[in-house]
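Going down the list, the sequences are from chains A and B. For what it's worth, this note's numbering labels the leading residue of the first sequence as 8, then goes sequentially. For what it's worth, this note's numbering labels the leading residue of the second sequence as 1018, then goes sequentially.
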Amino acid sequence: MRLNARTLEGLYALLLLLPFLFTLGVFFLYAFLRAVYFSFTDYDLFSPPQFVGLANYLRLLEDPLFLRALWHTLAYSLVVTVLQTFFALLLATALNQPLRGITAFRTVYYLPSVVSTAAASLLLLWLFQRTGLVNQGLSLLLAYLPHLLALALIFALVQGGQVLWERRRGAPTGFWDPALALISLPLALLGVYALGFLGLVGPREVRVEIPWLPTTATFLGIPYPLWAIILMNTYTTIPTFMVLFLAGLKGIPKTLYEAAALDGATPWTMFRRITVPLLRPVLFLVITLGLIGTLQLFDQVLFVGGSGGAPLEATVTLAYYVYGNVFPSGATPRVGLASAAALFLAGLTLLVVLLQRRLGVSERGWG
Amino acid sequence: MRKILATILVFFGLSTLAQTQVRISGWGGPDVAIVTGLLREVVQPRLDREGIRVIYEPIEGDYTQWLFNALSAGTAPDLFYVDIFWSESLFATGRVEPLDRYFSRQEIAEFLPNLVQAFTYGGRLYGIPKDFNTLALQFNRDLFDEAGVRYPNQQDTWETFEAKLRQVQTRLGDVAGLCVVADVARFAPFAFATGWRPFDDRGHTVLDGNFRRAFEWYTGLTRRGAARFAQDLGEGWTGGCFGGEKAATAIEGAWIAGFLRDRAPNLRYGTTFLPLDPVTQRRGNFIFTVSWSMNAQSRNKEAAARVLRALTSPEAQQWVLERGLAIPSRRALAQNPYFQRAGREPELNRIVFQGSVAPGGVVYPFKFRGFGGDWMRPINEALQAVMTGQKTVDQALRDAQVALDRLTGRR
């Protein structure tokens, strides 16, 4: 029997794909099917699984910790995806300018993504301790608030005066004219120094001691420790997405911008009408990757909860909830419940990505 | 010549086959050096005569996860460490061999009875305690001298102890009397001293008036200027504050000795018992202990039992004790001359040893039925919420009680 070329080609392809299909089959398909099976059973890793129907799923909905984890996951995912997409795009646009030494800037801005989560979490713990840099910075800011207010006031007065003077001379000057600010700012600084010297303005005794990590206090419904994780994760993921945007930006023909410039378009109009629409495929990729990544937040919760002393209720996410039930500290594994939660997380991820395809940005256009 | 060589090879090959191999596992870190030394110098020479070879496989990383996985998959070693904290949930799986048939009553009676009791589940013994720890109070002699305050002693009550801490903190300014942590592992002994029990007869946890009294005292230490919250000093445990001379006292077990040896070798510290409840005039304590337990699926149970016996033998425990590495679990060692030696570490080890018996007061093993960390979490969170000023005592205890009721089935 002779195989025709097409069949032969297919066979070769299958042969080359075999190792990947094997790992996919064992570590994804088989694991997934096992998880589906376990989610309908009461299983502790040791005794044979007992079929319990939908009991695990119902128990999830009654567990306050699960509901909290669900809320944290959704809120975290939404906030981080929005922030990282926005700032990555902003940064990519800035770094796409033909400036001297731009490559060095690109390297510097990419560095945070190289930091491991463990190291970044440690930094986070130091920053947000009660005696950490964040509280010390806030203390300093509040202590010198009178100076800052005086600086702003004197700057406004001097700058305003200069602007009026220029306008009277017929020059169409705006308040934020940098040339005038070059004179106003040193004068304002001198003024503040003089006020301080005369004892009219002095630093105040302020000690900000906000417990950022060991707390369940919330801001906009999200606990402080989770906000800390949001800030850190946004900071470390922006660079990766920035690179994707940069690649996308490189693919937009310059002629479009030149034509728009000839038509008198402002930079904002060009950004809105040319850059963003042509970046849609990248934007779709960034948002999808962002959503999937954020929905699976786990390691920072482990570090901030463990070493940072943040209460579980303030940081728990769905991925951590799954882990915490498979390996509960000092208790028997609850594999059935964890499997149900894992499938819930998988379903949620799929749903969120589908929703964003339907309602948000997709490869071809806005939903 | 070839024939002779072949004969020698066959001889050695057969002798290797004749040896029974017993795999043992524990956690990694500093324990690896201890167990390796113990095996080389004490255990293996004794087992060589019996034709048993011990294969030691220490586990770096999360030991509990590894053990649960290995037991579930049927790949666990013959002998392994079991921490008292998660012992009950592991014994309940039926994957650990009861040891009653391998050890006579007399042999078991040689170990401290409360440790034996800690590893007894459903009337059967599932582990031979290898060593243990209790909590003791360490104090920095230099800092107390500098502040002109008398050292803490075993007659101190919560009140007199607190007064000393307050004096140290006031006089030294940047040094805390004690750095407190929001952790059941450090707080509960004070609650035990009041007569509070973690579980009542029906298995429920009730945060009663006794508990509240200890809770109010402990969480109020920072407010009353006797202590600072560990995390505010950039530390996660009282030993960290103590080693860095950020606090004048610490509440830790004998494990602090190794840490201080590395971190602050010149620190002059003394050790005494935890203070007494001024009402009951008793103190409380926890026993933290680890056993050697046997895999129920082991194919070499008899050999494993012999290895277990060698690992917990008087010689092995003496070897460990003399190196100041751990507190052994045999009763006879209470009279050991090591404990009577002068010096920081023998004193620390003596107090920690005595913490498990009568001078320790009301002592419970560090385990909470099968609930583990789930049981500790509501109390830890209540401690933290009050210490950081986020909740009142009433609110924090009410929330903790609701969570514990849900957990222990008390409605």
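From the three backbone atoms N, C-alpha and C, an ideal C-beta is built for every residue, glycine too.
Here's a check: name, in chain order, each residue in its chain whose Cβ is nearer than 7 Å to the Cβ of residue i, leaving out the five neighbours to either side.
i, result
"leucine 145 of chain A", "Val215"
"alanine 1164 of chain B", "Gln1184, Val1185, Arg1188, Leu1189"
"arginine 137 of chain A", "Glu216, Pro218"
Can you tell me whether residue i is buried or exposed, with buried defined as 16 or more other CB within 10 angstroms of its CB?
i, result
"asparagine 1397 of chain B", "buried"
"glutamine 1334 of chain B", "buried"
"glutamate 1179 of chain B", "buried"
"alanine 111 of chain A", "exposed"
"valine 368 of chain A", "buried"
"alanine 266 of chain A", "exposed"
"serine 1104 of chain B", "buried"
"threonine 30 of chain A", "exposed"
"asparagine 1302 of chain B", "buried"
"alanine 99 of chain A", "buried"
"aspartate 1294 of chain B", "buried"
"proline 1395 of chain B", "buried"
"glycine 1257 of chain B", "buried"
"arginine 1367 of chain B", "buried"
"tyrosine 83 of chain A", "buried"
"asparagine 340 of chain A", "Position check: residue 340 of chain A holds proline in this sequence, whereas asparagine was assumed. Under this definition proline 340 of chain A is a buried residue."
"glutamate 1364 of chain B", "buried"
What is the DSSP secondary structure of residue i, counted as helix, strand or coil?
i, result
"leucine 49 of chain A", "First, the amino acid is wrong: residue 49 of chain A is aspartate here, not leucine. The answer is strand: DSSP assigns aspartate 49 of chain A an E or B state."
"valine 1113 of chain B", "strand"
"valine 199 of chain A", "helix"
"glutamine 104 of chain A", "coil"
"glycine 1242 of chain B", "coil"
"serine 1042 of chain B", "strand"
"glycine 271 of chain A", "coil"
"threonine 999 of chain B", "The requested residue 999 of chain B is not part of the displayed model; chain B covers only 1018 to 1428."
"tyrosine 117 of chain A", "helix"
"valine 59 of chain A", "coil"
"valine 1296 of chain B", "coil"
"tryptophan 1309 of chain B", "strand"
"leucine 1195 of chain B", "strand"
"phenylalanine 1029 of chain B", "With a pLDDT of 49 at phenylalanine 1029 of chain B, under the threshold of 50, the modelled position of that residue is not reliable, and the figure given next carries that caveat. Reduced to three states, the DSSP call for phenylalanine 1029 of chain B is helix."
"leucine 1096 of chain B", "strand"
"proline 71 of chain A", "helix"
"phenylalanine 1156 of chain B", "strand"
"isoleucine 217 of chain A", "coil"
"aspartate 1200 of chain B", "coil"
"arginine 1148 of chain B", "The sequence shown places aspartate at residue 1148 of chain B, not arginine. Aspartate 1148 of chain B: strand per DSSP, three-state reduction."
Leaving aside the five residues before and after residue i along the sequence, list all residues of the same chain whose C-beta is less than 8 Å from its C-beta, in chain order.
i, result
"threonine 1033 of chain B", "For threonine 1033 of chain B, the predicted structure reports a pLDDT of 48, less than 50, and the residue's modelled location is therefore unreliable. A value from the coordinates is still provided. Closer than 8 Å at the Cβ level, and outside the excluded window around threonine 1033 of chain B, lies no residue."
"methionine 1404 of chain B", "Val1197, Ala1199, Thr1236, Thr1239, Phe1246"
"tryptophan 133 of chain A", "Gly139, Leu140"
"isoleucine 1101 of chain B", "Ala1135, Phe1136, Ile1304, Phe1305, Thr1306, Val1307, Ser1308, Pro1382, Phe1383, Lys1384"
"glycine 10 of chain A", "Correcting the residue type first, residue 10 of chain A is leucine in the shown sequence and not glycine. The residues are Leu18."
"phenylalanine 1207 of chain B", "Trp1175, Ala1231, Trp1234, Tyr1235, Leu1291, Asp1294, Gly1301"
"leucine 192 of chain A", "Phe162"
Between residue i and chain E, is there a C-beta pair that is closer than 8 Å?
i, result
"proline 56 of chain A", "In summary, chain E is missing from the structure at hand, where the protein chains are A and B."
Under 6 Å Cβ to Cβ from residue i, same chain only, skipping five residues before and after it: list those, please.
i, result
"asparagine 1312 of chain B", "Ala1093, Asp1095"
"isoleucine 259 of chain A", "Leu285"
"valine 213 of chain A", "Ser146, Leu149, Ala150"
"tyrosine 1119 of chain B", "Ala1322"
"methionine 249 of chain A", "Ala95, Leu98, Ala99"
"valine 359 of chain A", "Leu298"
"threonine 324 of chain A", "Ala76, His79, Thr80, Leu304, Val308"
Closer than 7 Å, Cβ to any Cβ of chain A: which residues of the region 1236-1263 of chain B, in chain order? Listed by position, the residues of the region 1236-1263 of chain B near chain A (Cβ gap below 7 Å) are Gln1248, Asp1249, Gly1251, Gly1253.
Check whether the region 1260-1276 of chain B touches the region 1148-1160 of chain B, taking contact to mean three or more Cβ pairs, one atom from each stretch, closer than 8 Å. Yes: the two stretches touch, three or more of their Cβ pairs being nearer than 8 Å.
Selection of the region 1183-1204 of chain B by Cβ proximity to chain A, strictly under 8 Å: Cβ contacts with chain A come from Ala1199.
Report the residues of the region 1394-1405 of chain B with a CB closer than 9 Å to any CB of chain A, ordered along the chain. Against chain A - using a Cβ distance shorter than 9 Å - the residues of the region 1394-1405 of chain B are Arg1394, Asn1397, Glu1398, Gln1401, Ala1402, Met1404, Thr1405.
Taking 8 Å as the threshold, find out whether the region 1109-1128 of chain B comes into contact with the region 1310-1327 of chain B through three or more Cβ pairs. The region 1109-1128 of chain B and the region 1310-1327 of chain B touch, with no fewer than 3 CB-CB distances between them shorter than 8 Å.
Does the region 34-46 of chain A come close enough to the region 348-358 of chain A to have 3 or more Cβ pairs within less than 8 Å? Look at the beta carbons and you see the region 34-46 of chain A touching the region 348-358 of chain A: at least three pairs across the two are nearer than 8 Å.
Within 8 Å of chain A by C-beta, residues of the region 1070-1085 of chain B in sequence order: Only those residues of the region 1070-1085 of chain B whose C-beta falls short of 8 Å from the nearest C-beta of chain A are listed: Asp1079, Thr1081, Gln1082, Phe1085.
Count the C-beta pairs between the region 1331-1347 of chain B and the region 1165-1178 of chain B that are closer than 8 Å, then say yes if the count reaches three, no if not. Segments in contact, no.
Any residues in the region 330-347 of chain A with a beta carbon nearer than 7 Å to a beta carbon of chain B? Which ones, in chain order? For the region 330-347 of chain A, which is checked against every Cβ of chain B, the residues closer than 7 Å are Phe334, Pro335, Ser336, Gly337, Ala338, Thr339, Pro340.
Between the region 330-348 of chain A and the region 278-298 of chain A, do at least 3 Cβ pairs fall closer than 8 Å? Counting C-beta pairs with one atom in each stretch, the region 330-348 of chain A and the region 278-298 of chain A have fewer than three that are closer than 8 Å, which means they do not touch.
Is the region 233-246 of chain A in contact with the region 163-174 of chain A, if contact means three or more CB pairs nearer than 8 Å? The region 233-246 of chain A vs the region 163-174 of chain A: no contact.
Residues of the region 1111-1125 of chain B in Cβ contact with chain A at a cutoff of 8 Å, in chain order, please. So the list reads Gly1111, Arg1112, given in the order they occur along the chain.
By the 7 Å beta-carbon criterion, what residues does the region 131-157 of chain A contribute toward chain B? Taking 7 Å as the Cβ-Cβ cut-off against chain B, the residues of the region 131-157 of chain A that qualify are Gln136, Arg137, Thr138.
With a cut-off of 8 Å, do at least 3 Cβ pairs link the region 1212-1223 of chain B to the region 1278-1291 of chain B? When C-beta atoms of the region 1212-1223 of chain B are compared with those of the region 1278-1291 of chain B, fewer than three pairs fall below 8 Å, so the two segments do not count as touching.
Taking one C-beta from the region 1066-1076 of chain B and one from the region 1037-1048 of chain B each time, how about it: are there three or more such pairs within less than 8 Å? Cβ pair count under 8 Å is three or more, so yes.
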